[in-house]
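Numbering (the working numbering), first residue to last: 1 to 445. Virtual Cβ for every residue (Gly too), placed ideally from N, Cα, C.
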Ligand SMILES: [Zn+2]
C-alpha cells in the first residue's frame, strides 16, 4: 500500500518509503515534566499513536521513542517552590503522564529516555559541536553558532538574515548573533552537572537530537513528530545541530499536528481556559477524548467545545452499542469471535495512507457500522457476513486505538437467553419480561 505523508520540511506530501525495509523509526518530542499536561499535549500522543498502530498493522516493525525533559528552568522552579528535589517533581509528573497515556489507550513508547540519564552523551555532543566550530563558549554558557548552518530556516520557512534584522539583541547577551541558541546553560540554582565549561545543565534544543543520535544506530530516522508550535525554534534547532555533527537533517519526515482551541478561543493561561488532560479523561473517558482528537485531520485545528464533546460521546455510544450487539449475536449463535475475515478494510486503510486522514477513516468505520445494523435487522441475518463485519470493525477500532469492550457470554447467560426465547415463543409475557430485565442488566439485550 502506498502511503503519503505531509512532510513539513519540504512543505508537501511525499511518498513514505522507510529508510530500512519493513522498519520504521519514529521520535516524538515528549513533555517537560513539571506540571500536568493539558489537552493540547494529548493531541500528538493520539495522532502519532494512530500512525504507529497503522504502520504496525501494515507489517512494519516500529521503534517509537518519546523523551521526558526532566531538567529545565520550570522543573527547577517547581522543585524549589515545593521544597523537593527535581527528581521527585519529574517522577510525580512522569507517573501522571503515563496514567494519561494509559487512559487514552496509547501504546507505550519503545523507549522513553529521560534527559538526566543522557548527560555524558549531551556533554560529548556539545564538545563535538565546539570542535567543529559550530558552537562556542562564553562564560560557562555554550551557544550554537547559527551562521554555521547555511540551510537554517528551512523548516520554519524564513530567511535567517531577515529574522536577524528583526531580532533584538538582549542587553546582557554575550551571543555572537541573536539567532544563536544555548545548548549548555551555566546553572547556579538547582540540579546541575560538572562539565568542561563549569557547572550547568543542557539546553532544551540539544536534548532530542542527542537522544536520536544515541538511540538510533543510523543517527537519522524516518519520522520526527511533534506539535506545530515546536517547528520553530525547537525543531529548526535540532536540524541545525544534526547537520553540523552528522550532516543529515535528523529525520526524513517532519510531521506537525495542529492546535486545540477551547470554544473557538486559543487555550492560554491568561484566558483561564486551560483544560488539563487528566480532567478531560476523567470526565469524558479515553474513547471520547480520542474521538474528539481524531474527528479532525491532524494538521487542522481541533475545537474543544461542549458541542464537539457531545458529538464525540454520541459517536462512541453508537459504535459501542452496535459492536457489543454484534459480539453478543455472534456468541448467541455459537460463532467464534475470531471467525471471519476483515473484508471491509481497504477504503479505511487507504484513508489513513492518505496523510493519516482519520476523519475519512472514521467515515468508513460508520459505513461498516451501518452494514452491521442493516444485517442485524434482517429476519434471517447472514452469520458469515456478520463475522466478517466483526473482524473489519475489530481491526478498525484497534488501528484507531479505541478500546470498546463487549461481554463474553457465560453458561448462565446462554441458559437465560434460551429460556427467554422459549418464553417468547410460548407467549408467556410475564416470564419473558422478567427474563428480559435480567438480560438487560447483563447488557445482553
Ligand atoms: Zn524535541
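Can you give me the C-alpha to C-alpha distance between residue 188 and residue 136, rounded to a whole angstrom? Taking the first residue of the chain shown as position 1, residue 188 is located at position 188. Taking the first residue of the chain shown as position 1, residue 136 is located at position 136. The straight-line gap separating the alpha-carbon atoms of residue 188 and residue 136 is approximately 20 Å.
Proximity of residue 242 and residue 209 at Cβ, strictly below 8 Å: Counted from its first residue, the chain shown places residue 242 at position 242. Counted from its first residue, the chain shown places residue 209 at position 209. Yes, the pair counts as a contact, with Cβ atoms nearer than the cut-off.
Below 8 Å, how does it come out for the region 220–238 and the region 148–156: are there three or more Cβ pairs, yes or no? yes
Quick one: grab the DSSP three-state call for residue 246. Here residue 246 is taken as the residue at index 246 of the chain shown, counted from 1. Helix.
N-terminal and C-terminal residue of the beta strand (DSSP E) that residue 222 is part of: Position 222 of the chain shown holds residue 222. Bounds of the beta strand (DSSP E) holding residue 222 are 221–227.
Identify every run of the beta strand (DSSP E) within the region 37–94, keeping only runs that are complete inside it and at least 3 residues long; order them along the chain. 61–66
Output needed for residue 106: all residues of its chain with C-beta closer than 6 Å, excluding positions within five of it in sequence on either side, in chain order. By one-based count along the chain shown, residue 106 stands at place 106. If we look at residue 106 and ignore the five residues flanking it on each side, its Cβ neighbours are 45, 49.
Just the C-alpha distance for residue 312 and residue 159, rounded to the nearest angstrom, thanks. Counting from 1 along the chain shown, the entry for residue 312 is found at position 312. Counting from 1 along the chain shown, the entry for residue 159 is found at position 159. So the two alpha carbons sit approximately 42 Å from each other.
Whole-Å CB distance - residue 397 paired with residue 375, under 8 Å assumed: For this step, residue 397 is matched to residue 397 along the chain shown. For this step, residue 375 is matched to residue 375 along the chain shown. Actually they do not touch by this definition, with Cβ atoms about 18 Å apart.
Kindly identify the DSSP beta-bridge partner or partners of residue 111. For the purposes of this step, residue 111 is taken as residue 111 along the chain shown, with counting starting at 1. Beta-bridge pairing links residue 111 to 65.
Under three-state DSSP, which class holds residue 204? Translated into the one-based positions of the chain shown, residue 204 becomes position 204. The answer is helix: DSSP assigns residue 204 an H, G or I state.
Whose C-alpha, out of 278, 64, 132, 308, is nearest the C-alpha of residue 291? Counting from 1 along the chain shown, the entry for residue 291 is found at position 291. Considering only alpha carbons, the answer is 308.
Taking the alpha carbon of residue 305 as the point to measure from, which residue in 365, 316, 264 has its own alpha carbon closest? For this step, residue 305 is matched to residue 305 along the chain shown. Measuring from the Cα of residue 305, the nearest candidate turns out to be 264.
Between the C-alpha atoms of residue 147 and residue 366, what's the straight-line distance to the nearest angstrom? Taking the chain shown and counting its residues from 1, one reaches residue 147 at position 147. Taking the chain shown and counting its residues from 1, one reaches residue 366 at position 366. Going by the C-alpha atoms only, they are around 53 Å apart.
Kindly provide the chain-ordered list of residues whose Cβ lies closer than 5 Å to any non-hydrogen atom of ligand 1. 29, 208
Exposure of residue 364, with buried meaning 16 or more beta-carbon neighbours within 10 Å: As a first step, residue 364 is located in the chain shown; it is residue number 364 there, counting from the start. Residue 364 should be labelled buried.
Within the same chain, show all residues whose beta-carbon is closer than 6 Å to that of residue 72, passing over the 5 residues directly before and after it, in chain order. By one-based count along the chain shown, residue 72 stands at place 72. The residues are 32.
Could you tell me whether the region 213–223 touches the region 242–253, using the rule of 3 or more Cβ pairs below 8 Å? yes
Would you check if the region 406–422 and the region 67–83 touch, i.e. whether three or more CB-CB distances between them fall below 8 Å? no
Pick out whichever of 362, 115, 256 has its Cα sitting closest to the Cα of residue 10. Looking up residue 10 in the chain shown gives position 10. Of the candidates 362, 115, 256, 256 places its Cα closest to the Cα of residue 10.
Taking the alpha-carbon positions, what's the residue 283 to residue 300 distance? As a first step, residue 283 must be located in the chain shown, where it is residue number 283. As a first step, residue 300 must be located in the chain shown, where it is residue number 300. A straight-line Cα-Cα distance of about 25 Å links residue 283 and residue 300.
What are the uninterrupted segments assigned as alpha helix (DSSP H) that are 4 or more residues long and contained completely in the region 261–312, given in chain order? 277–284, 286–294
To the nearest angstrom, report how far apart residue 419 and residue 384 are at their CA atoms. Position 419 of the chain shown, counted from the first residue, corresponds to residue 419. Position 384 of the chain shown, counted from the first residue, corresponds to residue 384. About 25 Å.
Cα-Cα, which of 328, 289, 368, 349 is closest to residue 439? Here residue 439 refers to the residue found at position 439 of the chain shown. Among 328, 289, 368, 349, the Cα nearest to that of residue 439 is on 328.
Backbone secondary structure at residue 13 - three-state DSSP: Counting from one through the chain shown, the residue named residue 13 turns up at place 13. It is a strand residue.
Should residue 41 and residue 93 be called a contact, given that it needs their Cβ atoms to be closer than 8 Å? On the chain shown, position 41 is the one that residue 41 refers to. On the chain shown, position 93 is the one that residue 93 refers to. Residue 93 is positioned such that its CB atom lies no closer than 8 Å to that of residue 41.
Pick helix, strand or coil for residue 181, following the three-state DSSP scheme. Taking the chain shown and counting its residues from 1, the one referred to as residue 181 is at position 181. If DSSP states are grouped into helix, strand and coil, residue 181 belongs with the strands.
Among 205, 260, 228, 59, nearest to residue 240 - alpha-carbon criterion: By one-based count along the chain shown, residue 240 stands at place 240. Out of 205, 260, 228, 59, 205 has the C-alpha closest to the C-alpha of residue 240.
Mapping the DSSP letters down to three states, classify residue 116 as helix, strand or coil. Numbered from 1 along the chain shown, position 116 holds the residue referred to as residue 116. Helix, per DSSP.
Just checking: is the beta-carbon of residue 88 within a distance shorter than 8 Å of some beta-carbon in chain D? No chain D appears in the structure shown, which is made up of a single protein chain.
Cβ separation of residue 5 and residue 433, assumed to be a contact under 8 Å, to the nearest whole Å: Position 5 of the chain shown, counting from 1, holds the residue named residue 5. Position 433 of the chain shown, counting from 1, holds the residue named residue 433. That pair is no contact at about 56 Å.
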